[in-house]
Amino acid sequence: MPRPVPAADLGEALRLFAGHPSGRLLLVQAGVLGAVRAAAGPLRRQDVAVAAGVAVWWPFQEWLAHRYVLHAAPRRLGRRTVDPAVARYHRRHHADPWDLEHTMLPSWFLLPAAPVHVALWLVAMPTRRLALTGMLATTVATIAYEWTHFLTHTGYRPRRGWFRKLQRRHRLHHFKHEQRWYGFTVPFVDDLFGTAPDPSTVPTSPTVRTLGVEDHTDGASTAAA
Ligand SMILES: [Zn+2]
Ligand SMILES: [Zn+2]
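Residue numbers for the sequence shown follow this note's numbering, beginning at 2 and rising by one.
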């Protein structure tokens with residue numbers, strides 16, 4: 002029996018999001034970083050520039066990571082098969098788009114990513130204050146991405162607006178063609194990269210649920226011919 006579409010209203014969706022381990026982790030991370038950054042002093046022009054840089058870069062990395070990492074097919078490298086765990090996890094999401102548990106980034110990815118994220122900002126920025134601004138901006142962008150993606154997979158259906166467009170496009174990605182509509186939060190990126198054609202011109206892909214990969218129960222994966 003098909004799984005029912007979860008969470009028909011915003012309040013229920015928010016409760017499920019905040020109750021998910023990854024949602025909780027990100028909200029706590031944003032709270033801690035917000036408090037530490039506030040204690041470091043007022044925002045200056047450079048802080049605004051760093052936050053603006055993150056806001057511009059984020060939708061492009063989102064598209065690129067979705068296209069080239071999450072949809073990466075397993076590859077043979079000598080005797081080994083390279084099949085990143087996040088790509089396998091994303092295939093599970095495509096196999097059952099109404100399973101909210103696997104809609105969000107897993108905590109086994111977010112937890113080890115946190116110290117890497119901190120280290121990168123500390124190395125990249127000239128001061129600790131700007132590094133904190135960068136960490137906070139990236140965490141807020143991650144929450145915006147996670148929440149938007151999560152909400153597109155619920156029964157919440159606004160009649161119009163930005164989110165309505167995002168939801169429509171993301172559902173086309175899941176149910177029409179997995180190699181189109183890669184953007185999550187900014188539809189413009191798909192328009193720019195030519196991955197948002199008129200849906201009536203796109204045939205329904207037979208591999209929209211599998212991404213053309215056979216995932217076996219023993220954990221092995223093979224690219225379908
Ligand atoms: Zn999705
Ligand atoms: Zn996808």
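Every residue gets a Cβ at the ideal spot worked out from N, C-alpha and C, and that includes glycine.
Just so you know, these numbers come straight off a predicted model, no measurement behind them.
Quiz item: Secondary structure at residue 214, three-state DSSP: helix, strand or coil?
Solution: Taking the first residue of the sequence shown as position 1, residue 214 is located at position 213. Strand.
Quiz item: Measuring from the CB of residue 71, is there a heavy atom of ligand 2 at a distance below 8 Å?
Solution: For the purposes of this step, residue 71 is taken as residue 70 along the sequence shown, with counting starting at 1. Closer than 8 Å to some heavy atom of ligand 2: that describes the Cβ of residue 71.
Self-check item: Three-state secondary structure assigned by DSSP to residue 128
Solution: In the sequence shown, the residue the question calls residue 128 occupies position 127. Residue 128 falls in the coil class under three-state DSSP.
Quiz item: By how many angstroms is the C-alpha of residue 120 removed from the C-alpha of residue 40?
Solution: For the purposes of this step, residue 40 is identified with residue 39 of the sequence shown, where counting begins at 1. For the purposes of this step, residue 120 is identified with residue 119 of the sequence shown, where counting begins at 1. Roughly 20 Å separates the two Cα atoms.
Quiz item: Apart from the five residues on each side of it in sequence, which residues of its chain come closer than 8 Å, Cβ to Cβ, to residue 158?
Solution: One-based indexing of the sequence shown puts residue 158 at position 157. Counting only Cβ-Cβ distances below 8 Å, and skipping sequence neighbours, we find 165 and 168.
Quiz item: Is it buried or exposed for residue 82, if we count other Cβ within 10 angstroms and need 16 for buried?
Solution: Residue numbering aside, residue 82 sits at position 81 when the sequence shown is read from its first letter. With fewer than 16 other Cβ atoms within 10 Å, it is exposed.
Exercise. Consider the C-beta atom of residue 21 and the heavy atoms of ligand 1; say whether any pair is separated by less than 8 Å.
Key: As a first step, residue 21 is located in the sequence shown; it is residue number 20 there, counting from the start. No; taking the cut-off as 8 Å, the Cβ of residue 21 has no heavy atom of ligand 1 nearer than that.
Practice problem: May I ask you to verify whether the region 194-204 touches the region 72-91, counting CB pairs closer than 8 Å and requiring at least 3? | Solution: no
Practice problem: State the Cα-Cα distance for the pair residue 60 and residue 196, rounded to the nearest angstrom. | Solution: Translated into positions along the sequence shown, residue 60 becomes position 59. Translated into positions along the sequence shown, residue 196 becomes position 195. Here the C-alpha atom of residue 60 lies approximately 14 Å from the C-alpha atom of residue 196.
Exercise. Inspect the beta-carbon positions of residue 185 and residue 14 and report whether they are closer than 9 Å.
Key: For the purposes of this step, residue 185 is taken as residue 184 along the sequence shown, with counting starting at 1. For the purposes of this step, residue 14 is taken as residue 13 along the sequence shown, with counting starting at 1. No, these two residues do not count as a Cβ contact at 9 Å.
Practice problem: Leaving out five residues on either side along the sequence, give the residues of the same chain with a beta carbon under 6 Å from the beta carbon of residue 210. | Solution: Walking along the sequence shown from the start, residue 210 turns up at place 209. Counting only Cβ-Cβ distances below 6 Å, and skipping sequence neighbours, we find 95 and 96.
Practice problem: Would you list, in sequence order, the uninterrupted beta strand (DSSP E) runs of no fewer than 3 residues that lie entirely inside the region 30-114? | Solution: 76-78 and 81-83
Quiz prompt | Exposed unless 16 or more other CB atoms sit within 10 angstroms - verdict on residue 190 | solution = In the sequence shown, counting from the first residue as 1, residue 190 sits at position 189. Looking at its Cβ environment, which holds 16 or more other Cβ atoms inside 10 Å, residue 190 is buried.
Quiz item: Which residues bound the alpha helix (DSSP H) around residue 191?
Solution: Position 190 of the sequence shown, counted from the start, is the residue given in the question as residue 191. Note, residue 191: alpha helix (DSSP H), 189-194.
Quiz item: Tell me which same chain residues have a C-beta within less than 7 Å of the C-beta of residue 194, skipping the five on either side of it?
Solution: Residue numbering aside, residue 194 sits at position 193 when the sequence shown is read from its first letter. Within the same chain, residue 194 has close Cβ partners 64.
Quiz item: In three-state DSSP terms, what is residue 25?
Solution: In the sequence shown, counting from the first residue as 1, residue 25 sits at position 24. In the structure shown, residue 25 sits in a helix (DSSP, three-state: H, G or I).
Quiz item: Between the C-alpha atoms of residue 62 and residue 88, what's the straight-line distance to the nearest angstrom?
Solution: Within the sequence shown, the letter at position 61 stands for residue 62. Within the sequence shown, the letter at position 87 stands for residue 88. Using only the alpha carbons, I get a separation of about 16 Å.
Quiz item: Is the beta carbon of residue 103 within less than 8 Å of some heavy atom of ligand 2?
Solution: On the sequence shown, position 102 is the one that residue 103 refers to. Answer for residue 103: no, Cβ out of range of ligand 2.
Quiz item: Skipping 5 residues on each side, what residues in its chain have a beta carbon closer than 8 Å to that of residue 130?
Solution: Residue mapping note: residue 130 aligns to position 129 of the sequence shown, counting from 1. Excluding positions up to five away in sequence, the list reads 38, 41, 42 and 48.
Quiz item: If you draw a straight line from the alpha carbon of residue 143 to that of residue 79, how long is it in whole angstroms?
Solution: As a position in the sequence shown, residue 143 is number 142, starting the count at 1. As a position in the sequence shown, residue 79 is number 78, starting the count at 1. Rounded to whole angstroms, residue 143 to residue 79 spans 36 Å at the Cα level.
Self-check item: Cβ-heavy atom distance, residue 98 to ligand 1, below 8 Å
Solution: Position 97 of the sequence shown holds residue 98. Within the cutoff, so yes.
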